[in-house]
Amino acid sequence: MATASDAPVLDTLAAMTIDSIERCGMDDENLLLTRIAALVAMDAPAISYLAHINPAIKANVTVEQLQDVLVAIAPVVGTARVMSAASHITQAFGVAIELAEAEAEAIAQAEAKSRRKS
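Going by the working numbering, the letters in the sequence shown line up with residues 28 to 145, in that order.
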């Protein structure tokens, strides 16, 4: 029987991702570059790229590597998909930055509130 969750879809996607990673023999860097290539091929929305930003940063994926992937797959998936992906990746980075700024602001506010109580 399934357990109740506030985010069953996200929980399912996370479980699928964990299972995939555990069964894959690739190192983190190549796994993420391969997943990004697959996202480009299917013209995924920005939110799909957003889910890969933090893991890619942790795996030390560079902008140059990402660009190399886009160049390598362009003849296969086409210019329109690569340009769409570049736009979606940019949007995802923008959202990631906004989320990080919001988190930093919330932490700063919590610390300030804690200091006022002391």
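Where is the CB? At the ideal position from N, CA and C, for every residue including glycine.
| query | result |
| --- | --- |
| Is it the case that the CB of residue 103 approaches a heavy atom of the ligand ZN more closely than 7 Å? | In the structure on display, the ligand ZN does not appear, and there are no ligands present to speak of. |
| Shortest alpha-carbon distance to residue 80 belongs to which of 39, 56 and 103? | 56 |
| Leaving out five residues on either side along the sequence, give the residues of the same chain with a beta carbon under 6 Å from the beta carbon of residue 112. | 67 |
| Between residue 88 and residue 120, what straight-line distance do the alpha-carbon atoms span, to the nearest angstrom? | 14 Å |
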